[in-house]
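Notes follow once the structure below has been shown.
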Amino acid sequence: KLDESERDRLMLSEAAIERHELSPRDLEGNIDGISERYHSVFEQPGAGFDIPLITGGTFAGVLSVEYEPDLTEPRFDRSLIVPLAVQLGASLRNAR
1 KLDESERDRL MLSEAAIERH ELSPRDLEGN IDGISERYHS VFEQPGAGFD IPLITGGTFA
61 GVLSVEYEPD LTEPRFDRSL IVPLAVQLGA SLRNAR
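In our numbering, the protein residues as written are 1 to 96.
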């Protein structure tokens, strides 16, 4: 269940910023904050990771991937989901 107090907050982890070679300056005015690690939006957080959505070189949002509290991140999920996030970013750009 979503944590209502976190519903509209847009956070990105330091790891996601580094992994996608962004700088905090690239994100100024577009996010509510940068967290040391993945920031959950659920009442009972589990393991997770976040991916910045970039459209035409511009930050467009965050794709959050989170697992049930008793599960760990499957080994290949990140390598499968990142290309989907890239495609989602391109689709957002084309929809505009």
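A virtual CB, placed ideally from N, CA and C, is assigned to each residue, including glycine. Note that this is a predicted model, so its numbers are computed, not measured.
According to DSSP, is residue i helix, strand or coil?
i, result
"G29", "coil"
"L2", "strand"
"S23", "coil"
"L10", "coil"
Using CA coordinates, which residue listed in the options is at the minimum distance from residue i?
i, options, result
"R96", "I81, D3, G56, T72", "G56"
"E6", "H39, G46, A90", "H39"
"H20", "I51, G33, Y67", "I51"
"A16", "P69, N94, L63, Q44", "L63"
"K166", "I54, D77, Y67", "The structure shown does not extend to residue 166, since the chain is modelled only from 1 through 96, so no value can be given for it."
Residues in its own chain within less than 6 Å of residue i by CB, not counting five upstream and five downstream?
i, result
"S35", "M11, S13"
"R37", "S13"
If residue i sits next to residue j, beta carbons under 8 Å apart, how far is it from one beta carbon to the other, in whole angstroms?
i, j, result
"F59", "L88", "Contact doesn't hold; Cβ gap of about 13 Å is too wide."
"L71", "A47", "7 Å"
"E43", "D3", "5 Å"
Among the residues of its own chain, which have a CB less than 8 Å from the CB of residue i, if the five just before and after it don't count?
i, result
"V82", "I51"
"P24", "I17, I34"
Which runs of the beta strand (DSSP E) spanning at least 3 residues fall entirely within the segment 35-89, listed in chain order?
Complete beta strand (DSSP E) runs here, min 3: 48-55, 58-66.
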